[in-house]
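Here's the structure we're looking at; comments come further down.
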Amino acid sequence: MIARYVMDNQTGQMGLILIPLSRVSSVCEKKFKVDSLVQLKWIGDTYPGGFAHGHSMRGSGTVDALQFEDQYQIEQDGQLTVVTVFQSGEGGRIAHHLVWDPGYNVLESFTTVRNDGQSALTAEMISSFSLTGLTPYAEDEAPETLILHRILSSWSAEGRLLSSRIEDLNLEPAWAPHAVRGLRFGQIGSMPVRDYFPAAFVEDTRAGVIWGVQLAHPASWQIELGRRDNALFLSGGLADREFGHWTKTIRPGEFFQTPSAYLTVAADNLDNTAARLTEIHKRSLLGGPETEKDLPIIFNEFCTTWGSPSSENLYAIAERLRGKGIRYLVIDSGWYKSEGTNWFNGMGDWEVSKRDFPEGLGPTLEHIRQCGMIPGIWFEMEVCGTESAAFRLTDHLLKRDGIPITVGGRRFWDFRDPYVVSYLKEKVIDFLKDHGFGYLKVDYNDSLGIGCDGAESLGEGLREQMEAVQDFFRLIRKEVPGIVIENCASGGHRLEPSMLGLTSMSSFSDAHECEEIPIIAANMHRVILPRQNQIWAVLRQTDSLQRLAYSLSGTMLGRMCLSGDIHELDQEQWSLLDKAIAFYKKAVPVIKEGKSSRFGPAISSYRHPKGWQGIMRSSADESEILIVVHTFELEGKERVILPLPPVSGTYKTADLFTDQEVEMVLDRDQISISLDRSFAAISILLTL
39 MIARYVMDNQ
49 TGQMGLILIP
59 LSRVSSVCEK
69 KFKVDSLVQL
79 KWIGDTYPGG
89 FAHGHSMRGS
99 GTVDALQFED
109 QYQIEQDGQL
119 TVVTVFQSGE
129 GGRIAHHLVW
139 DPGYNVLESF
149 TTVRNDGQSA
159 LTAEMISSFS
169 LTGLTPYAED
179 EAPETLILHR
189 ILSSWSAEGR
199 LLSSRIEDLN
209 LEPAWAPHAV
219 RGLRFGQIGS
229 MPVRDYFPAA
239 FVEDTRAGVI
249 WGVQLAHPAS
259 WQIELGRRDN
269 ALFLSGGLAD
279 REFGHWTKTI
289 RPGEFFQTPS
299 AYLTVAADNL
309 DNTAARLTEI
319 HKRSLLGGPE
329 TEKDLPIIFN
339 EFCTTWGSPS
349 SENLYAIAER
359 LRGKGIRYLV
369 IDSGWYKSEG
379 TNWFNGMGDW
389 EVSKRDFPEG
399 LGPTLEHIRQ
409 CGMIPGIWFE
419 MEVCGTESAA
429 FRLTDHLLKR
439 DGIPITVGGR
449 RFWDFRDPYV
459 VSYLKEKVID
469 FLKDHGFGYL
479 KVDYNDSLGI
489 GCDGAESLGE
499 GLREQMEAVQ
509 DFFRLIRKEV
519 PGIVIENCAS
529 GGHRLEPSML
539 GLTSMSSFSD
549 AHECEEIPII
559 AANMHRVILP
569 RQNQIWAVLR
579 QTDSLQRLAY
589 SLSGTMLGRM
599 CLSGDIHELD
609 QEQWSLLDKA
619 IAFYKKAVPV
629 IKEGKSSRFG
639 PAISSYRHPK
649 GWQGIMRSSA
659 DESEILIVVH
669 TFELEGKERV
679 ILPLPPVSGT
689 YKTADLFTDQ
699 EVEMVLDRDQ
709 ISISLDRSFA
719 AISILLTL
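Residue numbers for the sequence shown follow my numbering, beginning at 39 and rising by one.
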């Protein structure tokens, strides 16, 4: 990649264009107003014109007045950083940082603000990144050429790809460069992956180039795409005052840094460009728990006991799993329930249920270890349920307008409060250490919304809260070395880089037993690493072998997590499960390190899917290939043909997992599979 900084001779503004090295010669002369590298708005400065006010805070009087001061490079710890410095107002020093870490095909972008003046400065917008000049491969506006790809998300339907032509978004330029055309989208609250994933891709279909970005922030965020003339801009970061109720006061001598954004550009397709962004997630896994190196299998008892674990049923589960190659047995929600309470509203006090565990958890955990597994435990540590005593400790709970924020049956601890940190250190961290847990599942089942009291704005209160929450995750890792942490938020509502970086793996969704599981699991390959993508396979005594193979094959798209009627399966069902476990373990190397591509028709309805889907994941040297094919509702026989990488040599079948014989032809350059059963699956491992 080339990062090209451009200066507008008329306005003095500096912008950033990213170009793939292989497409440099195709860049054309393009006349456009350079969009600033930093988007910033101080309270008191003029708002943007061009009918943008109320729709965007970009291009404000603050940006117009930015004065370029310096640009320099820093080489430190193997990284190269380009720092571009601007002066703003009375003492504002703005520095944009663009960081390259060799070995990763991404650039990290963030902005810092330091107040060297005598008076406080209050920002109502600061961007983490801003790209200009899209697309540099057309002198005009590139009509019918540009596509915006976004990734939608809702509960149990995460990761749907939404691809929109720029014209369909009404982002064609006007007849004169006066009116701003803009689209601002994002998410508000403490579930950063609720409406959209914090990611976007702009594709130039004629040039064959895609720009991609992913934001790393656990709270409200925004991305904006728009234009005044022939060039699009793409920017984003913290949700601003208009969108996210955010302002930040920076007093004399104070310093503020925005969340990071990860940027890339490639002359490639969408799947491969997305893989460039997710590969930076590997950096946070370096030096992770030793037990995670071979991506072991999890058994989570939630869909077995449905929030009612006990010493009795966990004893039976552990006995049934003895010697089956499963490493973690996770005790999910409900272990803290008192008589007559509900698991969903009972969290906060964190006392082991005397009814369900009359001797405490100790004997149960020891039995799990004797059966060869590492015990895990579920917490929803950031909240208090209505049935807990903690629910009434309002001095230590988050408020809005002075009133405790109550969402359904939950209130939220204020992690900025030392009392809360001390309380949860005892209830969570000391509990983990005292009982010798090796695995922690952290759930989070509702959102804070626009924010909370305690800062200069509701949005800043939210940002501070989530920063403090992440500090507590870091404290857990420090106090309990080697702990494996699972990131869950009603399934997949926290699948963003900063949370992924604090945890070993993440729940992909709450679609526990749904037919759409393989669709959602495959979607995740564009936004998280499969090695962190924990996928449910809930096995029922009433499941046919075909249904079991369908469910189990879905887990080959990430981390295998089993649940359900495990102790009630018959010998034939267990035999199929044993084969799935053996296949998964053989596939671990390519799941851990590889690149994924999706084949098949677009799926319209997730709840009533039709057609088929094929995921091909190849190792870095293409010596090993994992293929996972699922059929949905079929109208007739389908012959699926998947192209194989052009390599010197011939692939052979190393292993196969399905419930019955499948007609398959493996040629040098492709694999052909005949499918005639709806809701069936086959997983194939090829090697050279």
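Virtual Cβ for every residue (Gly too), placed ideally from N, Cα, C.
### Span of the alpha helix (DSSP H) around Val-628
609-630
### Task
For Asp-484, I'd like the list of residues in its chain whose CB is within less than 7 angstroms of its CB, leaving aside the five on either flank, ordered along the chain.
Val-445, Gly-446, Arg-448
### Query
From Phe-293 to Ser-74, what does the alpha carbon distance come to, in whole angstroms?
One C-alpha to the other measures close to 21 angstroms.
### Message
For a quick check, are the C-beta atoms of His-255 and Glu-464 less than 8 angstroms apart?
### Response
no
### Task
Work out the CA separation of Arg-360 and Gly-410 for me, nearest whole Å.
C-alpha of Gly-410 to C-alpha of Arg-360: approximately 6 angstroms in a straight line.
### Task
Using the Cα positions of Ala-313 and Tyr-142, report the straight-line distance between them to the nearest angstrom.
11 angstroms
### Backbone CA spacing between Ile-336 and Asn-571 [nearest angstrom]
12 angstroms
### Task
Look up His-319 in the DSSP assignment and give the residues it is bridged to.
According to DSSP, His-319 bridges with nothing at all.
### Message
Does the contact criterion of 3 or more C-beta pairs under 8 angstroms hold for the segment 300-318 versus the segment 573-588?
### Response
no
### Query
Roughly how many angstroms separate the alpha carbons of Leu-496 and Gly-489, rounded to a whole number?
When rounded, the separation of the alpha-carbon atoms in Leu-496 and Gly-489 is 4 angstroms.
### Task
Give the single residue among Ile-604, Asn-561, Lys-617, Ile-566 whose Cα lies nearest to the Cα of Ala-587.
The shortest Cα separation from Ala-587 among Ile-604, Asn-561, Lys-617, Ile-566 belongs to Lys-617.
### Query
Would a C-beta distance cut-off of 8 angstroms place Met-45 and Leu-145 closer than the cut-off?
no
### Query
With burial defined as no fewer than 16 other Cβ atoms inside 10 Å of the residue's Cβ, what is the status of Glu-377: buried or exposed?
exposed
### Query
Do Gly-386 and Cys-422 have their CB atoms nearer than 8 angstroms?
yes
### Query
Would you call the CB atoms of Thr-49 and Lys-79 closer than 8 angstroms?
No, the Cβ-Cβ distance between Thr-49 and Lys-79 is not below 8 angstroms.
### Message
According to DSSP, is Ile-406 part of a helix, a strand, or is it coil?
### Response
helix
### Query
Looking at the structure shown, is Asp-697 part of a helix, part of a strand, or coil, going by DSSP?
Asp-697 sits in coil when the DSSP states are folded into three classes, being neither helix nor strand.
#### Entry: Buried or exposed by the 16-neighbour rule on C-beta atoms within 10 Å, applied to Trp-344
exposed
### Task
Measure the alpha-carbon distance for Arg-131 versus Val-390 and round it to whole angstroms.
Approximately 53 angstroms between the Cα atoms of the pair.
### Message
With H, G and I counted as helix, E and B as strand and the rest as coil, what does DSSP make of Trp-344?
### Response
coil
### Query
In terms of DSSP beta bridges, what is Asn-338 paired with?
Val-368
### Nearest to Gly-487 (by Cα), restricted to the options Arg-289, Leu-270, Lys-437, Gly-674
Lys-437
### Query
DSSP state of Trp-388, grouped into three classes?
coil
### Query
Shortest alpha-carbon distance to Phe-340 belongs to which of Ile-722, Glu-662, Ile-604, Arg-198?
Ile-604
### Query
Considering only residues of the same chain and omitting the five flanking positions on each side of Glu-524, which have a CB-CB separation below 6 angstroms?
Cβ contact annotation for Glu-524 (same chain, cutoff 6 angstroms, sequence separation greater than five): Lys-479, Met-543, in chain order.
### Query
Is it the case that the Cβ atoms of Ala-560 and Ile-653 are separated by a distance below 8 angstroms?
yes
### Task
Run through the segment 442-471 for me and flag every whole beta strand (DSSP E) of 3 or more residues, listed as ranges in chain order.
448-450
### Message
Can you list, in chain order, the residues of its chain with a C-beta nearer than 8 angstroms to that of Ala-299? Leave out the 5 residues immediately preceding and following it.
### Response
Glu-146, Ser-147, Phe-148, Ser-166, Phe-167, Val-251, Gln-252, Leu-253, Ala-254, Gly-274, Gly-275
### Message
Please state whether the Cβ-Cβ distance between Ala-158 and Pro-290 is less than 8 angstroms.
### Response
yes
### Query
Ends of the alpha helix (DSSP H) at Tyr-588?
583-592
### Task
Tell me whether the beta-carbon of Leu-263 lies closer than 8 angstroms to the beta-carbon of Leu-221.
Note that the C-beta distance between Leu-263 and Leu-221 is below 8 angstroms.
### Query
Could you give the distance in angstroms between the alpha-carbon of Val-65 and the alpha-carbon of Gly-116?
30 angstroms
### Query
Can the beta-carbon of Val-666 be found less than 8 angstroms from the beta-carbon of Leu-567?
no
### Query
Using the beta-carbon count (16 or more within 10 Å), is Asp-581 buried or exposed?
buried
### Query
Which residues bound the alpha helix (DSSP H) around Asn-307?
Unbroken run through Asn-307: none, as it is neither H nor E.
### Message
Assuming the contact rule is C-beta atoms closer than 8 angstroms, Thr-302 and Ile-412 should be a hit. Round their C-beta distance to whole Å, please.
### Response
Rounded, the Cβ-Cβ distance is 36 angstroms, inconsistent with contact.
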